[in-house]
DNA sequence: GCAGTTCTTGACCGCCCGGTCAAGTGACCG
DNA sequence: CGGTCACTTGACCGGGCGGTCAAGAACTGC
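Residue numbers (our numbering), protein chains in the order written: chain A, 1087 to 1267; chain B, 1087 to 1267.
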């Protein structure tokens, strides 16, 4: 699965053939179809694992924090750190969003993560720390957008460290959800 | 080209065959290869046209405005409006970002648009309206991330109107670049 | 050492892909 | 009217695809 992940990430899902994966692994084709029903299923399994792993990382990061705003910050930082360590998985997540076959599976995982952020935003609104006319869902997705795009641009394309980028992401997002104007 | 765009957007680039495009159009395969060198070239041409069109729209929107912050706002609104009208093109842009063959061509266009935003941000910093320790490039990309993700989530997936979403995008982004905290 | 089960092999299958090209077709020009 | 040439056709090609399967190999429990 690790090898498949890297091939898919480097060349794309469709251009990567099952033959290529198995010969790269030095095994016969039968092995592949013994463990997976199809190429598609391999991809879905990789996707599910990636989402599970990211979520675990986020949960760990915020486990010991009660303040909702701090939880959002820690969640963002954890996501960027994970993304830095799992470029390949992240690319596949991005690809999955463009393919009708995979968007369903992708969104199921994505929704769970967003729901967490929404919860924190709502809590912060209840505490009067975010304007109460704000739409929690929208703010959550806006933050996801910032984190995703800055990860791709500054960490992947420009090779910057996740820590520094995370500082900027957090700063921008917190101004976005807390700011006055 | 319009038909190709819609097939690519609906089914994906690889799953769409040249045969499918020409039979859908009711013409022979020779016609396709008379006007295009390859399937790849068709895609690149679509991509280039889309980027050109989006940029024209942005330029028109900000042409008569001098204030840099207002220009950013109008640029964001124009982008969302364009995205609402050109879902297919936007999907292909998103896909192009995931395919090594196309990222080069994509980035060339993307960089130009970002450079515009960067210019406005720098101007706003010079006017003392944005903190002068801010990184213009980062702020510009953050806004692109917000606009792109909210477009996909709220306009494409949930079918909301571009106008309303644009209000939220602008509000979030302006807090993000102007806000105090 | 046998039987049964779990894994592994790679030749093979049918299919369809991107791309080619010989053979037109018909509008235009002298 | 004949010749030219921009365009169109669709059968065809080589190749590679996802997926199958008969034939083992390797391990188990007995």
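Just so you know, even glycine gets a beta-carbon here, dropped at the ideal spot from N, CA and C.
Asked, Found
"Taking 8 Å as the limit between beta carbons, can you name the residues of its chain near residue 1092 (chain A), skipping five residues before and five after?", "1174"
"Do you know offhand how far residue 1259 (chain A)'s Cα is from residue 1210 (chain B)'s?", "20 Å"
"For a quick check, are the C-beta atoms of residue 1179 (chain B) and residue 1236 (chain B) less than 8 Å apart?", "no"
"With a CB to CB cut of under 7 Å and the five nearest residues on each side skipped, what residues in its chain are close to residue 1089 (chain A)?", "1107, 1110 and 1111"
"Going by alpha carbons, who is nearest to residue 1230 (chain A) out of A:1169, A:1150 and A:1087?", "A:1169"
"Relative to the C-alpha of residue 1257 (chain A), which residue among B:1266, B:1191 and B:1218 is closest?", "B:1266"
"Step through the CB atoms of chain A and report whether any lies within less than 8 Å of the CB of residue 1266 (chain B).", "yes"
"Does any residue of chain B bring its CB to less than 8 Å from the CB of residue 1180 (chain A)?", "yes"
"How about residue 1148 (chain A) and residue 1162 (chain A): are their beta carbons less than 8 Å apart?", "no"
"Along the chain, which unbroken stretches of the alpha helix (DSSP H) at least 4 residues long are found entirely within the region 1208-1255 of chain A?", "1222-1236"
"With a threshold of 8 Å on Cβ separation, who are the neighbours of residue 1157 (chain B) within its own chain once the five nearest residues in sequence on each side are excluded?", "1148, 1151 and 1206"
"Identify whether residue 1121 (chain B) lies in helix, strand or coil by the three-state DSSP scheme.", "helix"
"Using a beta-carbon distance below 8 Å, is residue 1230 (chain B) in contact with chain A?", "yes"
"If the criterion is Cβ atoms closer than 8 Å, does the pair residue 1232 (chain A) and residue 1232 (chain B) meet it?", "yes"
"Using the Cβ count rule (16 or more neighbours within 10 Å means buried), how would you classify residue 1244 (chain A)?", "exposed"
"DSSP state of residue 1172 (chain A), grouped into three classes?", "coil"
"Quick check on residue 1206 (chain B) - is its C-beta less than 8 Å from some C-beta in chain A?", "no"
"With distances taken Cα to Cα, identify the nearest neighbour of residue 1227 (chain B) among A:1213, A:1140, A:1227 and A:1238.", "A:1238"
"Quick test of your reading: residue 1165 (chain A) and residue 1144 (chain A), contact by CB under 8 Å. State the CB separation rounded to the nearest angstrom.", "6 Å"
"Any idea if residue 1099 (chain B) is buried or exposed, counting beta-carbon neighbours within 10 angstroms, 16 or more meaning buried?", "buried"
"Whose Cβ in chain B lies nearer than 8 Å to the Cβ of residue 1215 (chain A)?", "The premise fails here: residue 1215 (chain A) is roughly 11 Å from chain B at the closest Cβ pair, so nothing lies under 8 Å."
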